[in-house]
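So the structure is just underneath, and the comments pick up after that.
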Amino acid sequence: MRVRASVVASQHALHEEYAGVVPEIASRAHVEAIIPVIREALAQAGIGLGMLDAIAVGHRPGLIGSLLVGVAAAKSLAWSLGKPLIGVDHVEAHLYSGMLVEEGTQGEAADRDGVPLFPALGLVVSGGHTAMYHIDAWDAITRIGSTIDDALGEAYDKAATIMGISYPGGPNLDRLAQQPGASDAAFDLPISRLSPTSLDFSFSGLKTAVLYTVRGVPGERANRGPLDMTAQNARDLAASFQKAASRAITLKLDRAIEASHASPYRTLLAGGGVTLNSRLRTELAGLAAARGLKLRLPSPPYCMDNAAMIAGLAFEHICAGRADTLALQAMPTASR
Ligand code: KG4
Ligand code: ZN
């Protein structure tokens, strides 16, 4: 799927001083940004509104105030232009983000190789979601596992805070772990397995292990004191955390692949902000190669939230004959 234009209005700066998203501020910022963003995307693509074939919108899951702004804008456009309206699940769209390529780039060849994608195993890892999916078609997606506590991005951000790494935590921890001389074997951190067959994830144990490593464990037999956070210890702990976090993901993907032997997966589709992580990208590539799966990882601009993935998945829905009416609702919950 070729991308003609991709415009993202980031709200990070607005929420940074509150150390989290303030829903009311988020909705107001959506109202202010939506028209300029649509104008800029059309300008980038060099087209007018009349040349659009359909209007797609992410209508679930998320903060209801922000979703309402997008859904109202999409309905107005669809009604006034007389074009079909298609509502898309934001998390499912992350699974599609690896299908997006920019015109004239290498990815275009993979896009046209004609090899069937499905059945595919899907992974979404972001600040708010961590889940695995069985995908038989773009409109036949089933969640087969998800985190029972923190999302992976949240675990990265919390571990970074515990280690005293500055905002944004996840990307900065990743950079620290990649510094020369960083050893991922320096600290032995837990990889959650849950039960022997579970496809769910858990990151709270890993987060607690980082906390105890950094602050010490008073009263324990070993009575370890706080870690002397030298530059070497910091990069070693970052690298050890990345290893444990990435292995916790690939362990469950591997279990799902193992369990699919009757109808083996052809593709591994991944998306979400944490697919920017260098270690996770390497581990996913290794797993896909070892298991003979085609890997569709989003290129960096499409790892984080973006509208191109919404439009891309909507295109698949249109091809399958699906469209919504003006009764489309914004929904805070996921569809599966
Ligand atoms: O997809 P996204 O914007 O989140 C939600 O919509 O929830 O991704 C943001 C998350 C944050 O938790 C951020 O720390 C994490 O993705 N992230 C990373 C990296 N880049 C972004 N985590 C680890 N390594 C990275 N390089
Ligand atoms: Zn997202």
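Residue -6 is where the sequence shown starts when you use our numbering, and the numbers rise one by one after that. Where is the CB? At the ideal position from N, CA and C, for every residue including glycine. This structure is a prediction, so every number in the text was calculated from the model and none was measured.
Does the Cβ-Cβ distance between residue i and residue j come in under 8 Å?
i     : j     : result
V203  : A152  : yes
H23   : A323  : no
I242  : A86   : no
F196  : D143  : yes
L192  : F234  : no
I48   : A71   : yes
V(-4) : A301  : yes
G75   : E17   : no
A38   : A(-2) : yes
W131  : A313  : yes
A179  : R272  : no
E9    : Y160  : yes
T329  : I31   : The displayed chain sequence assigns Arg, not Thr, to residue 329. No, the Cβ-Cβ distance between R329 and I31 is not below 8 Å.
A36   : A2    : no
Do you know how far the Cα of residue j is from the Cα of residue i?
i    : j     : result
P183 : H127  : 27 Å
E95  : M(-6) : 8 Å
R315 : S73   : 20 Å
T223 : F111  : 48 Å
S292 : I250  : 24 Å
G157 : L7    : 22 Å
R136 : L88   : 12 Å
L42  : M92   : 25 Å
A327 : Q225  : 42 Å
G266 : G120  : 7 Å
P189 : P29   : 51 Å
T140 : Y258  : 22 Å
T206 : V108  : 47 Å
R240 : L280  : 10 Å
K245 : G163  : 21 Å
A278 : D298  : 22 Å
L286 : T154  : 36 Å
D46  : G264  : 26 Å
D129 : V210  : 47 Å
A252 : T123  : 20 Å
P173 : A12   : 31 Å
T275 : L288  : 11 Å
Is the closest heavy atom of the ligand KG4 to the C-beta of residue i under 7 Å?
i    : result
M297 : yes
D167 : yes
V267 : yes
P291 : no
Y205 : no
S139 : no
G63  : no
G43  : no
For residue i, name the three-state secondary structure that DSSP assigns.
i     : result
Q125  : One detail in the question is off: residue 125 reads as Met in this sequence, not Gln. It is a strand residue.
G115  : strand
V(-4) : strand
I40   : coil
R186  : coil
L192  : coil
G146  : helix
E95   : strand
L319  : coil
G107  : coil
G75   : coil
D82   : strand
L261  : strand
T326  : coil
S90   : helix
S218  : At residue 218 the sequence reads Gly, which differs from the Ser that was named. Note: G218 maps to coil in three-state DSSP.
I134  : strand
S139  : strand
I48   : strand
L56   : coil
L288  : strand
S176  : coil
A12   : coil
V210  : coil
Quick one: does the C-beta of residue i sit closer than 7 Å to a heavy atom of the ligand ZN?
i    : result
G115 : no
S328 : no
H52  : no
S331 : Because the chain is modelled from -6 through 329, residue 331 falls outside the range shown and cannot be assessed.
H8   : no
H254 : no
H23  : no
Below 8 Å on the Cβ atoms is my contact criterion, and I expect residue i with residue j to pass it. Report the Cβ-Cβ distance as a whole number of Å.
i    : j    : result
V62  : S90  : Wrong, their Cβ atoms sit about 22 Å apart, outside the cutoff.
L261 : L114 : 5 Å
R208 : P219 : 5 Å
L199 : A148 : 6 Å
G55  : P325 : 7 Å
Y232 : S185 : According to the sequence shown, residue 232 is Ala rather than Tyr. Not quite, the Cβ-Cβ distance comes to about 19 Å (not below 8 Å), so this is no contact.
L319 : L78  : 7 Å
V64  : L321 : 6 Å
M125 : G138 : 4 Å
So is the beta-carbon of residue i under 7 Å away from any non-hydrogen atom of the ligand FAD?
i   : result
H87 : Annotation note on the ligand FAD: not contained in the displayed structure, which lists the ligand KG4 and the ligand ZN as its ligands.
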